Amino acid sequence: MSLLVLLAIVLLIIAGHQLLRIIELSRGLKKTKEWQITDTDNNMMGKAMITFMVLFFIFFFWQVERWIDRSLPPAASEHGVLIDQLWDANMYLITFVFLVTNFFLFWFAYKYRGNSKNKAVYYPHNNKLEMLWTVVPAVALTFIIIFGLKYWNEIMDDAKEPNRVTIELYAKQFDWSARYTGKDGKLGESDFRQISGSNSVGMDTADVAGFDDIIVKNEFHIPVGREIELVMRSRDVIHSAYLPHFRAQMNCVPGMITYFKFKPTKTTAEMRKDPYTLMMMAGINKQRALENKEPVEFDYLLLCNKICGASHYNMQMNVVVDTEEDYQAWIAKQKAFKPVASK
Amino acid sequence: MATPINTGLEKEHLVHHDHVHDHDDHEESFVSKYVFSMDHKMISRQFLITAVIMAVVAMTMSVIFRLQLAWPGEKFAFVNAILGDKWGKDGILDPNMYLALVTIHGTIMVFFVLTGGLSGTFSNLLIPYQVGARDMASGFLNMLSYWFFFVSSAIMLASCFIDDGPASAGWTIYPPLSALPEAIPGSKLGMTMWLVSMAIFIVSSLLGSLNYIITVINLRTKGMKMTRLPLSIWAFLITAILGVLSFPVLFSCALLLIFDRSFHTSFYLSDIYIGGRPLDNVGGSPVLFEHLFWFLGHPEVYIVLLPALGIASEVIATSSRKPIFGYRAMIGSILAIGFLSFIVWGHHMFMTGMNPFLGSVFVFTTLLIAIPSAVKAFNYITTMWKGNLQFTPAMLFAIGLVSSFITGGVTGIILADSTLDINVHDTYFVVAHFHIVMGLSAIFGMFAGVYHWFPKLFLRMMNKKLGYAHFWITITMAYGVFFPMHFLGLAGVPRRYYTNSNFPMFDNLVDINEIVTICAIIGALGQGIFLFNFFYSIFRGEKAPQNPWNANTLEWTTPMAHIHGNWPGELPTVHRWAYDYSKPGKEKDFVPQTVPLEEGEEDGGAH
Chain A
762 MSLLVLLAIV LLIIAGHQLL RIIELSRGLK KTKEWQITDT DNNMMGKAMI
812 TFMVLFFIFF FWQVERWIDR SLPPAASEHG VLIDQLWDAN MYLITFVFLV
862 TNFFLFWFAY KYRGNSKNKA VYYPHNNKLE MLWTVVPAVA LTFIIIFGLK
912 YWNEIMDDAK EPNRVTIELY AKQFDWSARY TGKDGKLGES DFRQISGSNS
962 VGMDTADVAG FDDIIVKNEF HIPVGREIEL VMRSRDVIHS AYLPHFRAQM
1012 NCVPGMITYF KFKPTKTTAE MRKDPYTLMM MAGINKQRAL ENKEPVEFDY
1062 LLLCNKICGA SHYNMQMNVV VDTEEDYQAW IAKQKAFKPV ASK
Chain B
5 MATPINTGLE KEHLVHHDHV HDHDDHEESF VSKYVFSMDH KMISRQFLIT
55 AVIMAVVAMT MSVIFRLQLA WPGEKFAFVN AILGDKWGKD GILDPNMYLA
105 LVTIHGTIMV FFVLTGGLSG TFSNLLIPYQ VGARDMASGF LNMLSYWFFF
155 VSSAIMLASC FIDDGPASAG WTIYPPLSAL PEAIPGSKLG MTMWLVSMAI
205 FIVSSLLGSL NYIITVINLR TKGMKMTRLP LSIWAFLITA ILGVLSFPVL
255 FSCALLLIFD RSFHTSFYLS DIYIGGRPLD NVGGSPVLFE HLFWFLGHPE
305 VYIVLLPALG IASEVIATSS RKPIFGYRAM IGSILAIGFL SFIVWGHHMF
355 MTGMNPFLGS VFVFTTLLIA IPSAVKAFNY ITTMWKGNLQ FTPAMLFAIG
405 LVSSFITGGV TGIILADSTL DINVHDTYFV VAHFHIVMGL SAIFGMFAGV
455 YHWFPKLFLR MMNKKLGYAH FWITITMAYG VFFPMHFLGL AGVPRRYYTN
505 SNFPMFDNLV DINEIVTICA IIGALGQGIF LFNFFYSIFR GEKAPQNPWN
555 ANTLEWTTPM AHIHGNWPGE LPTVHRWAYD YSKPGKEKDF VPQTVPLEEG
605 EEDGGAH
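Next comes the structure, spelled out in structure tokens:
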């Protein structure tokens, strides 16, 4: 079998070689050289350009139609709604620019396709025109910058609300822990030298403030409607705490503490009933059925979004947004650090 | 300006007299002609062919990891055949090797293909030719530049064959991941080799860039004022300046990482517990590394992009048979982009824990860069307006470049906005953005350059029809690969994930990944057309005439032979700018730069 394949390849090469010889020999007989651009070439390529543009735009709209509904659900946090609005405004603007400029590019390529009878117009510059397309983008960008920075300053401002929930997200290869302040409302100090099997996040065992801290893995709960202040640390390499549904992200850097704050607006239960989420989950479960996997329900997720090693792709933690009562009930069931550590 | 005579070249001649017998002056030994050549034309070809080989390697890597992303866990004989049993057991890609492939793909494409390959080929070929010089200012340093590039390429490739695998911390090699061998196998010997290779690469880049700058400034022929330089030369000049200013910072960045890795310093490391023990390092900061890295990293984007834009300027003007629109504005844009590129690096770091106020400054500077970029795009389009477009394969790729520059550029406006960056930072939206704006534009520019200057590189013509086929397959498949990635980003898919199937959230994106991979495979196969056309035409292509595209620039006045010193006899004198295409009152639709101005005729570059 492989001998036959080999034989076929050899024959193909010989045939190709002979064909090339014929082409090479016939070169001398032709008046126009192969590489010269003829009117036919220009005509064909010009039309190909406009055809490409049409297909390109159809492809664009096809993708939007087919895939835009697989985007993340509408933001489930207060600032996320602002980000989504700003995102949409910017997206419409750049889509417009993308379509219009590409249109002119390919339209001109078609319209002014070369012809040996034509001559190009000598048109080296036009200061007014150039001024126009310097000023117009500048004005548009001014608006983009102003709105972007206004929101940025609000989002990045310190967490100030008195009833906020402070949670430390602790990253390591390849999982997350979340630490709650406990009753005293303070996170205990940490020291990486004290990390051990029973002290996985490196709590300072001498700091009283840490005794009532609550450490959870796999899943953490937050109450809806209260400001969540995330305090982030990393044990080994850079990770990034990415909470896409809340439009929240911040790197976790060893040797540093980083912050991000947000206010969740929809509980997990509410989100599961959201029409957009239902539609999305239907799509997900349809695909899962094809692969013989169990159907699933929506869950908020914390992902790692900075390359951190072999299992980077699997470093996740579930997030549950509860009503205030459910959250209180959940937190009451969690064990404090001190009794766990002293075991 | 006195007639510039290259003294290095004269010396070289003297040396050759010693061991060359009865042949004429320019006869050289095989070694000095093809291996340790000091001639810019040969060095240019050496860069190009090395880059083509590196590009094939990097492209093959991308096909392997794309197979994994579309069909995770599926067995591919192809994967096993290339990676062997260790990294591709049963034809399934190993997760560590996945990261290694992503890393080396990025490194090779950014540095070896689009920096070394693109600048190395076209700055070398075109600077002496287009400014009217006999060769580079220093042929010897130029030769060293290539051979350092060769050695660094060889080390980078060799690192793929070692036991622990090559560097795998991403092409940005952020520590601590890249600093700690316990963190990932690729941070053992592979990372050391990566750093050594890059250090040598930087030497190569510096030697090349210094040469390019000096040649453009000092060795312009009589009459070649700065305002008569073709835009390609302006682009190469600014690119070289960016390289000289920013690569040393990458060098120091890499050096400190070498210290951290090998000599127990703590520039980038602090408070780390890994491999079951706390490390001694205290006081360093990974964010410092990010600052140093991106201080090169962002100018690097323009080091990649500007030469491609310069090439496009030449190709679009020549093939439109029209002067480039707004020559002065184009120079201004290149300068503005060059300057701004140094004060925007922080936009890669909005989410790193950098002070948010600093972030706002970078938002401002980054969005400013959209203005000169927009000017360039509009000027290209206006250059085509009312032109007489000649669709050479080079012109097709130049148009493709303008399209991808716009398509990828507009999403840059989103990513430069720190507020919007929060949710798409490090997702496929970013992957889509930079592959289109930087990857595609630069590679299209490189293809345009190869098709356009092939007659000067190899004295033969490439096949036009194969060029057409190559272009259409490339542009359709390239958009097919990178456009859908935006939608992965909108769904929140992080980059550098070995598979997206480990939790249900991304299960409905399977078809997007499949389309991307199928396009990647067809696109990669399509490059076979180019490779065949390229290597076949080097040996068997039709003999090229002196000025096949009826272009104005000086390289087309050189004889169709690779002679030392480029022009026999005196150097040409320049009388006008490079863009007198279809000038009214002229017999032909092009007026080479060597033609004197008629009485009362105005030079186009003068305003």
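Here the protein sequences come in this chain order: A and B.
Quick note on numbering: the first sequence equals residues 762 to 1104 in our numbering.
Quick note on numbering: the second sequence equals residues 5 to 611 in our numbering.
Built from N, CA and C at the ideal position, the CB exists for glycine as well.
Please read all numbers here as calculations on a predicted model, not as lab measurements.
query = What do you reckon, are the CB atoms on A999(A) and K1067(A) nearer than 8 Å?
reply = It is worth fixing the name first, because residue 999(A) is Ile in this sequence and not Ala. For I999(A) and K1067(A), yes; Cβs fall inside 8 Å.
query = What do you reckon, are the CB atoms on F869(A) and I373(B) nearer than 8 Å?
reply = no
ask   = K1034(A) CB to nearest chain B CB: under 8 Å?
value = no
Within chain A, partners of R544(B) - CB distance below 8 Å = Going along chain A in sequence order, the residues near R544(B) (Cβ under 8 Å) are L781 and E785.
ask   = Using the C-alpha atoms, what's the distance from I86(B) back to V61(B)?
value = 11 Å
message = I'd like to confirm the pairing. Which residues does DSSP put opposite L1063(A) in its beta bridges?
response = M1078(A)
ask   = Is H778(A) buried or exposed, if buried means 16 or more other CB atoms sit within 10 Å of its CB?
value = exposed
request  = Specify the secondary structure class of Y941(A) as computed by DSSP and reduced to three states.
outcome  = strand
inquiry  = Check whether chain A comes within 8 Å of F3(B), counting only Cβ atoms and requiring the distance to be less than that.
reply    = As displayed, chain B neither begins before 5 nor continues past 611, which places residue 3(B) out of reach and without an answer.
ask   = Are the region 254-270 of chain B and the region 969-987 of chain A in contact at 8 Å, needing three or more beta carbon pairs?
value = no
query = Given that a residue counts as buried once 16 or more other Cβ atoms are within 10 Å of its Cβ, and exposed if not, what is E304(B)?
reply = Buried: at least 16 other Cβ atoms inside 10 Å.
ask   = So which residues on chain A does Y432(B) lean against when the C-beta distance must stay under 9 Å?
value = Those within 9 Å of Y432(B) in chain A number zero; the least Cβ separation is about 11 Å.
query = For L393(B), which three-state DSSP category applies?
reply = strand
inquiry  = Would you say the beta carbon of F510(B) is closer than 7 Å to some non-hydrogen atom of the ligand FMN?
reply    = As for the ligand FMN, it is missing from this structure, which has no ligand bound.
query = Going along chain B in order, which residues have a C-beta closer than 9 Å to the C-beta of S1001(A)?
reply = M355, T356, H429, D430 and P498
ask   = Going by the CB atoms, is the gap between Y277(B) and F953(A) shorter than 8 Å?
value = yes
request  = For H268(B), count neighbouring Cβ atoms within 10 angstroms of its own Cβ and tell me buried if that reaches 16, exposed if not.
outcome  = exposed
ask   = According to DSSP, is N1012(A) helix, strand or coil?
value = strand
ask   = Given that a residue counts as buried once 16 or more other Cβ atoms are within 10 Å of its Cβ, and exposed if not, what is A565(B)?
value = exposed
key: Reference I983(A), options P885(A), I1092(A), L1039(A) and M964(A), closest by Cα   = I1092(A)
inquiry  = Considering just the uninterrupted stretch of the beta strand (DSSP E) at S209(B), what are its terminal residues?
reply    = Looking at the DSSP string, S209(B) is not in any beta strand (DSSP E); the run it does join, the alpha helix (DSSP H), is L193 to N222.
task = May I have the straight-line CA-CA distance separating L211(B) from G124(B), to the nearest angstrom?
result = 11 Å
Interface flag, K468(B) vs chain A, CB-CB below 8 Å = yes
query = Under the DSSP definition of a beta bridge, which residues are partnered with F240(B)?
reply = Beta-bridge pairing links F240(B) to no other residue.
key: Backbone secondary structure at H1006(A) - three-state DSSP   = helix
inquiry  = Considering only DSSP beta bridges, list what R874(A) is partnered with.
reply    = L393(B)
T598(B) versus K880(A) - alpha carbon distance = 22 Å
inquiry  = According to DSSP, H474(B) sits in a beta bridge with which residue or residues?
reply    = None, per the DSSP bridge assignment.
Short Cβ contact (8 Å threshold) for K468(B) with P552(B) = no
inquiry  = Nearest by alpha-carbon distance to D919(A): which of P549(B), N359(B) and L529(B) is it?
reply    = Of the listed residues, the one whose Cα sits closest to D919(A) is N359(B).
Cut-off 7 Å between Cβ atoms - residues of its own chain near T1028(A), not counting five sequence neighbours on either side = For T1028(A), the CB contacts under 7 Å within the same chain, skipping 5 residues up- and downstream, are V985, V1082, D1083 and T1084 in chain order.
ask   = If you draw a straight line from the alpha carbon of A1009(A) to that of I526(B), how long is it in whole angstroms?
value = Rounded to the nearest angstrom, the two C-alpha atoms are 37 Å apart.
ask   = W476(B) versus chain A: which residues are under 8 Å apart at the beta carbon?
value = A809 and F813
request  = Take M1042(A) as the anchor and find which of S832(A), L1063(A), F821(A) and G963(A) has the nearest alpha-carbon.
outcome  = S832(A)
query = Relative to the C-alpha of T801(A), which residue among G875(A), I774(A), K1099(A) and V815(A) is closest?
reply = G875(A)
Enclosing alpha helix (DSSP H) for A333(B) [first to last residue] = Taken as a continuous stretch (DSSP letters only), the alpha helix (DSSP H) holding A333(B) covers Y331 to L344.
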